[in-house]
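**Q** Input: one structure, supplied below.
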Amino acid sequence: MSLPQEIIEIIIGLAVPQGDDKLLNMLDEDIRGMLYNCCLVSHAFLPISRALLWRYIDCSEALAFEALRQYDHLPPLVKILSIDCPRDEPQPEHIEVLTHIEHLVLYGRLEFMPGETTDHIRENWPQLRTITFMEATFDDPSYDVVSLLRDLSMVKEVQFIDNEGTTFDPVEFLAESTWDEPVAQLDSLYFNFSESTLPIMHVVLERPTSIFSVQKLKKLTLSFYGFDIAQESMAMARRLMEAVAPTLQELSFRYPSEIIGQCEPLALAELTGLRRLSFNIYEEQYMRPTETISWWTANLQQALRSKGWSLEEVQVNIVLYADDVRQGIFYPLRNTNAWHALGDVLSRMNVQCLVVRIHRHERVEDEQLAEFESDLRGFLRSCFSLASFSLEKADRFWEAYH
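My numbering numbers the first residue of the sequence shown as 68 and each following residue consecutively.
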């Protein structure tokens, strides 16, 4: 008797780490070993296991590219390509063997990205959907980032995650550039506000047909970095939310602003098409967990005052570190009054799905996790009795920047 397909998917899924938003992280050697074993144990396990093994490939994996050139059935399995410039400058024969790339992840110094690589991608990867700038350095963002995105107008999702580098004058850039070419019409954007990315958003908001367009954006994820630009970043985030209000369906907040305790509530009720809301609360004291809880309580309280405002789903992500136990395990998350206030407003939202997810960013012992879960049942006792409520726990380490 063979196992049903859904059971096979569940079994294999237990071996594969997934970040938030179901983004597959690069597989470590232990997990690769598990998937290799799944390939060998049964023909039923082979298709899914093999697809996961080959889904994400780094441009530096020479042996993997040799296999891709030898076996025709493997290249279509590769969906995500990671390039670290200039350390792993892509070779033409590597790029050409890949035929089904949907997601391009870029590290390093982007000015070293070969022009012929971009040309090949534009002409041969029509299915490319997502570009992620992950720990990428923008030496001349007005050139390397802008030109890349304008060259690849088929892209529907862009993610700026943990970037650094020089900045540029957006006003001067707008005055000196022409905008007669089509640009990517994004439906999804992850934007980490930092000193190097702030001018990019300024240009996008001032001229919607400049670098990429957010006029059809359905999903928006925001993150913040840098105290010196905190006020400007939050103001720009509000402008962005206003710009995408007519089409936005899903809003997520990750790393909070360093001035979150001073921020006015968001105008969530003006996002009339919003259906899903997600936000993170981090244990680390410097990430201001109490201020974050209180700010989201204020956001939701204000929105609920608007007649007819509602959501289908709310997701609260609690990220545990457990790396400082001098004041007691998870001490920064033990503000009972703040949790009770958040739980009260969440319980009054009448959503179809209310999810609290506990993530272990570092190695957190099971006993510690059980203790925190017990406390959480007291903190959010008004939510645990709801039919729409569920508590989820991540069993593996979580890449919190997603």
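No residue lacks a Cβ here, since even glycine has one placed at the ideal position from N, Cα and C.
Just how far apart, CA to CA, sit Lys374 and Ser220?
**A** In a straight line, the C-alpha of Lys374 is about 40 Å away from that of Ser220.
**Q** Out of Val270, Gly328, Thr166 and Asp186, point me to the one whose CA is closest to Leu307's CA.
**A** Looking at the Cα atoms, Val270 is the closest of the given residues.
**Q** Can you check whether the CB of Val225 is closer than 8 Å to the CB of Leu216?
**A** Closer than 8 Å, so yes.
**Q** Give a yes or no on contact between the region 320-339 and the region 296-303, applying the rule of three or more CB pairs nearer than 8 Å.
**A** Flag = yes, the region 320-339 and the region 296-303 touch.
**Q** Compare the C-beta of Leu335 against all C-beta atoms of chain B and say whether one is closer than 8 Å.
**A** In summary, chain B is missing from the structure at hand, where a single protein chain is found.
**Q** DSSP state of Leu344, grouped into three classes?
**A** Leu344: strand per DSSP, three-state reduction.
**Q** Quick check: the Cα distance between Glu262 and Phe240, rounded to an integer number of angstroms?
**A** Straight-line Cα distance between these residues: approximately 16 Å.
**Q** What residue range is occupied by the uninterrupted alpha helix (DSSP H) comprising Ser149?
**A** Per DSSP, Ser149 belongs to no alpha helix (DSSP H); it is in the beta strand (DSSP E), Ile147 to Cys152.
**Q** Looking at the unbroken beta strand (DSSP E) that takes in Glu163, where does it start and where does it end?
**A** First-last for Glu163: Pro159 to Val164, but that is the alpha helix (DSSP H), not the beta strand (DSSP E).
**Q** Going by DSSP, name the residue or residues bridged to Gln382.
**A** Answer is Ser345 and Val422.
**Q** For Met354, collect the residues of the same chain with a Cβ closer than 8 Å to its Cβ; drop the 5 residues on either side in sequence, then sort them by chain order.
**A** Here the set comprises Tyr322 and Pro323.
**Q** Is Leu387 buried or exposed, if buried means 16 or more other CB atoms sit within 10 Å of its CB?
**A** Classification for Leu387: buried.
**Q** Please confirm if the region 171-184 is in contact with the region 131-139, defined as three or more CB-CB distances below 8 Å between the two stretches.
**A** Because the criterion of three Cβ pairs below 8 Å is not met, the region 171-184 and the region 131-139 do not touch.
**Q** So Glu128 is in the alpha helix (DSSP H); what residue range does that whole segment cover?
**A** First-last for Glu128: undefined, no H or E at that position.
**Q** With Asn366 as the anchor, note down where its alpha helix (DSSP H) starts and where it stops.
**A** That run of the alpha helix (DSSP H) goes Pro356 to Leu371.
**Q** Need the endpoints of the alpha helix (DSSP H) that Ile267 sits in, please.
**A** First-last of the alpha helix (DSSP H) with Ile267: Leu265 to Glu273.
**Q** Hey, how far is the Cα of Ile150 from the Cα of Glu183?
**A** One C-alpha to the other measures close to 14 Å.
**Q** Drop a sphere of 10 angstroms on the beta-carbon of Val238, count the other beta-carbons inside from all chains shown, and report buried for 16 or more, exposed for fewer.
**A** The residue in question, Val238, is exposed, as its Cβ has fewer than 16 Cβ neighbours within 10 Å.
**Q** State the start and end residues of the unbroken beta strand (DSSP E) segment that holds Gln194.
**A** Run containing Gln194: none; DSSP gives neither H nor E here.
**Q** Considering only DSSP beta bridges, list what Gly175 is partnered with.
**A** Per DSSP, Cys152 and Ala203.
**Q** Of the residues Leu421, Glu243 and Phe227, which one's Cα is nearest the Cα of Tyr292?
**A** Nearest option by C-alpha distance: Phe227.
**Q** Quick one, are the C-beta atoms of Pro142 and His167 less than 8 Å apart?
**A** Yes.
**Q** Looking at Val222 and Arg196, is the spacing between their C-beta atoms short of 8 Å?
**A** Result yes, Cβ atoms of Arg196 and Val222 sit closer than 8 Å.
**Q** When burial is assigned at 16 or more other CB atoms within 10 Å of the CB, is Gln382 buried or exposed?
**A** With 16 or more Cβ atoms within 10 Å of its Cβ, Gln382 is classed as buried.
**Q** Look at the alpha carbon of Gly445 and the alpha carbon of Glu317, and state the distance between them as a whole number of angstroms.
**A** Cα to Cα, Gly445 sits roughly 29 Å from Glu317.
**Q** Please name the residue in Thr204, Ala297 and Asp218 whose C-alpha comes closest to that of Glu190.
**A** Glu190 has its Cα closest to that of Asp218, out of Thr204, Ala297 and Asp218.
**Q** Can you tell me whether Glu224 is helix, strand or coil according to DSSP?
**A** Three-state DSSP puts Glu224 in a strand.
**Q** Quick one: is Pro488 buried, meaning 16 or more other Cβ sit within 10 Å of its Cβ, or exposed?
**A** Nothing in the structure corresponds to residue 488, since the chain is present only between 68 and 469.
**Q** If you follow the beta strand (DSSP E) that Glu317 is part of, which residue opens it and which one closes it?
**A** Looking at the DSSP string, the run of the beta strand (DSSP E) that includes Glu317 is Glu317 to Phe320.
**Q** Excluding sequence positions up to five away, which residues of its chain have a Cβ less than 6 Å from the Cβ of Ser244?
**A** Once the five neighbours on either side are set aside, Ser244 has no close Cβ partner at all.
**Q** Which residue or residues does DSSP assign as beta-bridge partners of Thr288?
**A** BP columns for Thr288 point to Tyr257 and Ser319.
**Q** Output the boundary residues of the alpha helix (DSSP H) element that contains Phe112.
**A** From DSSP, Phe112 is part of no alpha helix (DSSP H); its letter is neither H nor E.
**Q** Check Phe439 in the structure and name its three-state DSSP category.
**A** Phe439: helix per DSSP, three-state reduction.
**Q** Distance check for Thr314 and Leu378, CA to CA, integer angstroms please.
**A** So the two alpha carbons sit approximately 15 Å from each other.
**Q** In whole angstroms, what separates the C-alpha of Glu459 from that of Arg424?
**A** Between Glu459 and Arg424, the C-alpha separation is close to 5 Å.
**Q** Where Pro326 and Asp295 are concerned, what is the direct C-alpha to C-alpha distance, given to the nearest angstrom?
**A** The residue you asked about is not Pro; residue 326 is Ile in the sequence shown. Between Ile326 and Asp295, the C-alpha separation is close to 10 Å.
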